[in-house]
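Visitor:
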Amino acid sequence: MYSKSIEQLEKDVWKEPSEFPTDLVEKCYRYRKISIAELTNEQIRLLISQQIGIEHLIGIVLKKLDGNILTECDFYEGDLLIAVSSLPTEFWNENKPQFRNFKKLVERNSELIKNELGEKKFDKLINRIENGI
C-alpha cells in the first residue's frame, strides 16, 4: 500500500489544469501523485489538513506521532498533531480504532504536549478529544 500514491489508491486522477488557482491547490495536486512511503512529514500534514487521502495516511501519521507526539513539519513543533486533531468528527466516527489510538497517544503524552504547546492548545486538543472530536 505504501508504495502507491493517494491517486492510485483512490483510483481518482485529477486532471492537470492549465493554471493552478493557488499554490495550495498545486501542492495538493502534486502530493497526491507521490507514493505514500515517499511523502515528507510536511506533505502529509498538508494533505491531512486538506482532508485528502486521510484514510490512507492515518496509519502512518499515528505511527509518526507514536514515535514523537510533537513531530514538527514546516510550521512549529506539534503541527502534525494539531492537523490530526482537526480532522472532522465524521472521519473519527467511521474510524473508531484509529480514534482510540489517537486518544491514547495524546493521553500518554499529555504533560509533554502541555509543556511544549502550552495550556491553551492543550486544553483545546483535550476538549476536542473528550467531545469525540
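This note's numbering puts the first residue of the sequence shown at 1295, with every later residue one more than the last.
Built from N, CA and C at the ideal position, the CB exists for glycine as well.
#1: Helix, strand or coil, according to DSSP, for Ser-1299 in the structure here?
#2: Who does Ser-1379 pair with in a DSSP beta bridge?
#3: Just how far apart, CA to CA, sit Ile-1427 and Phe-1416?
#4: When the Cα of Phe-1404 is compared with those of Phe-1393, Leu-1419 and Arg-1394, which residue comes out closest?
#5: Can you tell me where the alpha helix (DSSP H) with Asp-1445 in it begins and where it stops?
#6: Please work out which residues of its chain come closer than 8 angstroms, Cβ to Cβ, to Lys-1408, disregarding the five sequence neighbours upstream and downstream, and give them in chain order.
#7: Taking Pro-1391 as part of the alpha helix (DSSP H), name the residues at either end of that continuous run.
#8: Using C-beta distances below 8 angstroms, list every residue in its chain close to Gln-1345, excluding the 5 sequence neighbours before and after it, in chain order.
#9: If you reduce the DSSP assignment to three classes, tell me which class Ser-1329 lands in.
#10: Measure the C-alpha to C-alpha separation of Ser-1343 and Phe-1369 and round it to an integer number of angstroms.
#11: Taking the beta carbon of Tyr-1296 as the centre, do at least 16 other beta carbons fall within 10 Å, making it buried, or is it exposed?
#12: Over the uninterrupted alpha helix (DSSP H) stretch that includes Gln-1337, give me the two end residues.
#13: By the 10 Å Cβ neighbour count, where 16 or more other Cβ atoms means buried, how is Ile-1412 classified, buried or exposed?
Guide: Concretely, from the data shown:
#1: strand
#2: Its beta-bridge partners do not exist; DSSP assigns none.
#3: 14 angstroms
#4: According to the sequence provided, residue 1404 is Ser. The question's Phe does not apply to it. The residue with the shortest Cα to Cα distance from Ser-1404 is Leu-1419.
#5: One cannot answer for residue 1445 here, as it falls past the ends of the chain, which runs 1295 to 1427.
#6: Phe-1416
#7: 1390 to 1402
#8: Leu-1381, Pro-1382 and Phe-1385
#9: strand
#10: 13 angstroms
#11: exposed
#12: 1335 to 1343
#13: Before going on, a small fix: residue 1412 reads as Gly here, not Ile. Looking at its Cβ environment, which holds fewer than 16 other Cβ atoms inside 10 Å, Gly-1412 is exposed.
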